[in-house]
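J.:
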Amino acid sequence: MWSAMSTYVLLVLCVAFFAVNSLMIGWLLNFMASQEQEAMPVGMEDVWTTVSTGATDGMLIVGILGVMVMTSEYSSQSIITSLTVNPRRAMFMNAKALVLAAVTFLASFVGVLVAWGCAWLMLHGEVSTGAQAMPAALPWVTLLGVPLAMALTAVMAMGFGAMLRSTVGGVLCVVGLFTLLPSILQLAQLLGERFAWIVSVNNCLPSKALESFIGAGASSFANSMGAVMTVGSTQPFQPTWGWAGVILLAWAVAVYAAGVAVTARRDVK
Numbered sequence: 021m022w023s024a025m026s027t028y029v030l031l032v033l034c035v036a037f038f039a040v041n042s043l044m045i046g047w048l049l050n051f052m053a054s055q056e057q058e059a060m061p062v063g064m065e066d067v068w069t070t071v072s073t074g075a076t077d078g079m080l081i082v083g084i085l086g087v088m089v090m091t092s093e094y095s096s097q098s099i100i101t102s103l104t105v106n107p108r109r110a111m112f113m114n115a116k117a118l119v120l121a122a123v124t125f126l127a128s129f130v131g132v133l134v135a136w137g138c139a140w141l142m143l144h145g146e147v148s149t150g151a152q153a154m155p156a157a158l159p160w161v162t163l164l165g166v167p168l169a170m171a172l173t174a175v176m177a178m179g180f181g182a183m184l185r186s187t188v189g190g191v192l193c194v195v196g197l198f199t200l201l202p203s204i205l206q207l208a209q210l211l212g213e214r215f216a217w218i219v220s221v222n223n224c225l226p227s228k229a230l231e232s233f234i235g236a237g238a239s240s241f242a243n244s245m246g247a248v249m250t251v252g253s254t255q256p257f258q259p260t261w262g263w264a265g266v267i268l269l270a271w272a273v274a275v276y277a278a279g280v281a282v283t284a285r286r287d288v289k
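Using my numbering, you'd call the opening residue of the sequence shown number 21 and step up by one each time.
Here is the structure:
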């Protein structure tokens, strides 16, 4: 990992996206709260959800990192040396996944701390009382849950890299699954009640599950900006934040397990 310059660039971008998103949303909340005619209560739940707004962008960054951690072995042909030293491929994959998860978790944790500083800098003068009591789980989900979700995303992307062995192919899978497919399926909102099940499927994709998870049940302006619209009078399936975390975990386990299986069975050449 550390021999590739892309690792450093992507980790710095991960931290930067957390900070930039926090500054932008914090400024917007500060601006809206300062308007006399459109005054709105800003509470600690808004601060915490502002901190986590960079997670959706960070998801794409760590996904690219996860792909490149695996595909760089094949592009440089170092996979032959690696598997000569340790021919037990499942152990080899698990070791890489463990290091990747640890590095991603630490970088994301730093990003969350920086984002907290940015949010407090932008909002501390406006924080008074929120629209409702802040969920007790929200601070913990933001501080520890978001970095953990980033680590799971990186391991999931590593599974795509192991299956495709191509940086371009793996990155396309990550971009398609995390951004393009949700955007396409979200258009089903415009098609009427008969297609509400498509919105339900969309809410179970990794990026949508992450959005539900990081909210931790909070109802605030910061995390309601990306809320999914209701299709007609039919309520699409919307997992609670806990089940959203389980869905994200299931995606990571399934894709990574497929990557391990392909690596164990396919010739390195």
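Just so you know, even glycine gets a beta-carbon here, dropped at the ideal spot from N, CA and C.
Could you pull out every residue in the same chain whose Cβ sits closer than 6 Å to the Cβ of Ile-99, ignoring the five residues on either side in sequence?
T.: Locating residue 99 in the sequence shown gives position 79, where the first residue counts as 1. Excluding residues within five positions, the ones whose Cβ falls inside 6 Å are Glu-93, Val-288.
J.: Between Leu-172 and the rest of its own chain, which residues show a CB-CB distance below 7 Å, the 5 nearest in sequence each way excluded?
T.: Within the sequence shown, the letter at position 152 stands for residue 172. Contacts found: Leu-268, Leu-269, Ala-272.
J.: Can you tell me the Cβ-Cβ gap for Val-219 and Ala-208, rounded? I've got them flagged as a contact below 8 Å.
T.: Translated into positions along the sequence shown, residue 219 becomes position 199. Translated into positions along the sequence shown, residue 208 becomes position 188. Correct: roughly 5 Å between the Cβ atoms.
J.: Scan the region 143 to 211 and note each continuous beta strand (DSSP E) run of 3 residues or more that stays entirely inside, going in chain order.
T.: none
J.: Are the CB atoms of Met-21 and Gly-86 within a distance shorter than 8 Å?
T.: By 1-based counting over the sequence shown, the position of residue 86 is 66. By 1-based counting over the sequence shown, the position of residue 21 is 1. No, the Cβ-Cβ distance between Gly-86 and Met-21 is not below 8 Å.
J.: Can you say whether Gly-63 is buried or exposed, counting buried as having 16 or more other CB atoms within 10 angstroms of its CB?
T.: In the sequence shown, counting from the first residue as 1, residue 63 sits at position 43. Counting Cβ neighbours within 10 Å, Gly-63 comes out buried, since at least 16 surround it.
J.: Between which two residues does the alpha helix (DSSP H) holding Asp-77 run?
T.: In the sequence shown, counting from the first residue as 1, residue 77 sits at position 57. Taken as a continuous stretch (DSSP letters only), the alpha helix (DSSP H) holding Asp-77 covers 75 to 95.
J.: Under 8 Å between the Cβ atoms of Val-275 and Met-170?
T.: Counted from its first residue, the sequence shown places residue 275 at position 255. Counted from its first residue, the sequence shown places residue 170 at position 150. Not in contact: Val-275 and Met-170 (Cβ atoms no closer than 8 Å).
J.: My assumption, with CB atoms under 8 Å, is that Gly-165 sits in contact with Ile-234. Please give the rounded CB distance.
T.: Here residue 165 refers to the residue found at position 145 when the sequence shown is read from its first residue. Here residue 234 refers to the residue found at position 214 when the sequence shown is read from its first residue. So it is a contact: roughly 7 Å between Cβ atoms.
J.: Run the proximity test for Asn-41: is its beta-carbon closer than 7 Å to any non-hydrogen atom belonging to the ligand FAD?
T.: In terms of ligand content, the structure shown is empty, and the ligand FAD therefore cannot be addressed.
J.: So which of Arg-286, Gly-46, Ala-39, Trp-261 has the shortest CA-CA distance to Ala-157?
T.: Reading the sequence shown from its first residue, position 137 is the one you call residue 157. Considering only alpha carbons, the answer is Trp-261.
J.: I'd like to know whether the C-beta atoms of Trp-140 and Val-35 end up nearer to each other than 8 Å.
T.: Translated into positions along the sequence shown, residue 140 becomes position 120. Translated into positions along the sequence shown, residue 35 becomes position 15. Cβ atoms of Trp-140 and Val-35: not closer than 8 Å.
J.: Would you tell me roughly how many angstroms separate the C-alpha atoms of Phe-51 and Thr-104, rounded to the nearest one?
T.: The sequence position of residue 51 within the sequence shown is 31, counting from 1. The sequence position of residue 104 within the sequence shown is 84, counting from 1. Phe-51 and Thr-104: Cα-Cα distance of roughly 59 Å.
J.: When DSSP labels each residue in this structure, what does Phe-125 get in the three-state scheme?
T.: For the purposes of this step, residue 125 is taken as residue 105 along the sequence shown, with counting starting at 1. Residue state, collapsed to three classes: helix.
J.: Just to confirm, are Ala-182 and Val-282 a CB contact at a threshold of 8 Å?
T.: Position 162 of the sequence shown, counting from 1, holds the residue named residue 182. Position 262 of the sequence shown, counting from 1, holds the residue named residue 282. For Ala-182 and Val-282, yes; Cβs fall inside 8 Å.
J.: Check Met-21 in the structure and name its three-state DSSP category.
T.: As a first step, residue 21 must be located in the sequence shown, where it is residue number 1. Met-21 falls in the coil class under three-state DSSP.
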